[in-house]
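Engineer: Per this note's numbering, the very first residue in the sequence shown carries number 2; after that it's consecutive.
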Amino acid sequence: MLELFLSAFVTLFVIIDPPGCAPIYAGLTVDAPENERRSMAIRATVISGAILFGFAFFGRGLLAALHIELDSFRIAGGIMLFVIALEMVFEKRTQRREERAEKVMATPDIEDVSVFPMAMPMLAGPGAIASIMLLMSKAPTYSHMLAVLAALVSVLGLTLLALLAATPLMRLFGDKVEAVITRLLGVLLAALASQYVIDGLKGSFGFG
Numbered sequence: 002m003l004e005l006f007l008s009a010f011v012t013l014f015v016i017i018d019p020p021g022c023a024p025i026y027a028g029l030t031v032d033a034p035e036n037e038r039r040s041m042a043i044r045a046t047v048i049s050g051a052i053l054f055g056f057a058f059f060g061r062g063l064l065a066a067l068h069i070e071l072d073s074f075r076i077a078g079g080i081m082l083f084v085i086a087l088e089m090v091f092e093k094r095t096q097r098r099e100e101r102a103e104k105v106m107a108t109p110d111i112e113d114v115s116v117f118p119m120a121m122p123m124l125a126g127p128g129a130i131a132s133i134m135l136l137m138s139k140a141p142t143y144s145h146m147l148a149v150l151a152a153l154v155s156v157l158g159l160t161l162l163a164l165l166a167a168t169p170l171m172r173l174f175g176d177k178v179e180a181v182i183t184r185l186l187g188v189l190l191a192a193l194a195s196q197y198v199i200d201g202l203k204g205s206f207g208f209g
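(1) From this set, Gly55, Thr168, Leu13, Arg61, which residue's C-alpha is nearest Pro24's C-alpha?
(2) Would you mind giving the Cβ-Cβ distance between Tyr26 and Ala9, rounded to the nearest angstrom? I have them listed as a contact below 8 Å.
(3) By how many angstroms is the C-alpha of Ile16 removed from the C-alpha of Ala191?
(4) In the structure shown, what three-state DSSP assignment does Asp18 receive?
(5) Compute the distance between the beta-carbons of Leu29 and Val116, then report whether it is under 8 Å.
(6) List the endpoints of the continuous alpha helix (DSSP H) containing Ala65.
(7) Quick check: Leu153 and Ile130, are their CB atoms within less than 8 Å of each other?
(8) Could you have a look at Pro141 and say whether DSSP puts it in helix, strand or coil?
(9) Assuming contact is defined by CB atoms lying nearer than 8 Å, are Asp200 and Arg61 in contact in what I supplied?
(10) Taking the beta carbon of Phe91 as the centre, do at least 16 other beta carbons fall within 10 Å, making it buried, or is it exposed?
(11) Does Val188 pass the burial test, meaning 16 or more other C-beta atoms within 10 Å, or should it be called exposed?
(12) Would you mind reading off the limits of the alpha helix (DSSP H) that contains Ile80?
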């Protein structure tokens, strides 16, 4: 169970990427007062958590309703996560997030960024949704499910801390340290994504 918790924690931490979201959030809320920045960080974390918990509990039923085999979803999810990993290694993911943030800041009518783009799609994006569904599919008992959900809560807690401390963190670490961390996490995610694909292929073709 500890192994599943650690695997889930690493996967979700890499996908949600609290260190990568912090500078984006700092840029989006640069003109907001401190209390409003704090409120938006809390709302973004709660909303993204609700979305991910919803897919954790009901995602498998959705697949069944669509007549999609779990192994097929493992392969598709693994490929998608591998693409995200490549984007992280080559800094494409950070660039896309920054472009999305610039579009939001260029629209004066949008003041509250907690729902868009923070909760969706930055925190509870397709990669995070696919990951939580895949992880829950590997949990055979309620205790294992609790381990996965505990990992999700832990990552969301770290994400909230990162958002709350976004501005001082940016001053402390700077862009270069963030780029190094993002690349390292990308390599780790690529290995995890490859394992998802391998597991899906084994299940599809009946290999041990």
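We treat Cβ as the ideally placed atom computed from N, Cα and C, and that holds for glycine.
Structural biologist: Reading it off the structure:
(1) What you label residue 24 is simply residue 23 of the sequence shown in a count that begins at 1. Looking only at Gly55, Thr168, Leu13, Arg61, the smallest Cα-Cα distance to Pro24 is reached by Thr168.
(2) If you number the sequence shown from 1, residue 26 lands on position 25. If you number the sequence shown from 1, residue 9 lands on position 8. Actually they do not touch by this definition, with Cβ atoms about 24 Å apart.
(3) Mapped onto the sequence shown, residue 191 falls at position 190. Mapped onto the sequence shown, residue 16 falls at position 15. One C-alpha to the other measures close to 11 Å.
(4) As a first step, residue 18 must be located in the sequence shown, where it is residue number 17. In this structure, Asp18 counts as coil in the three-state DSSP scheme.
(5) Sequence index remark: in the sequence shown, residue 29 carries index 28 (1-based). Sequence index remark: in the sequence shown, residue 116 carries index 115 (1-based). No; because the gap between Cβ atoms is not below 8 Å, this pair is not in contact.
(6) Residue 65 sits at position 64 when you count from the first residue of the sequence shown. Looking at the DSSP string, the run of the alpha helix (DSSP H) that includes Ala65 is 35-66.
(7) As a first step, residue 153 must be located in the sequence shown, where it is residue number 152. As a first step, residue 130 must be located in the sequence shown, where it is residue number 129. Between Leu153 and Ile130, the gap from beta carbon to beta carbon reaches 8 Å or more.
(8) Stepping through the sequence shown from its first residue, residue 141 is reached at position 140. Pro141 falls in the coil class under three-state DSSP.
(9) Position 199 of the sequence shown, counted from the start, is the residue given in the question as residue 200. Position 60 of the sequence shown, counted from the start, is the residue given in the question as residue 61. Taking 8 Å as the Cβ cut-off, Asp200 and Arg61 do not qualify as a contacting pair.
(10) As a first step, residue 91 must be located in the sequence shown, where it is residue number 90. Counting Cβ neighbours within 10 Å, Phe91 comes out exposed, since fewer than 16 surround it.
(11) By 1-based counting over the sequence shown, the position of residue 188 is 187. Classification for Val188: exposed.
(12) Taking the sequence shown and counting its residues from 1, the one referred to as residue 80 is at position 79. Where Ile80 is concerned, the enclosing alpha helix (DSSP H) stretches over 71-90.
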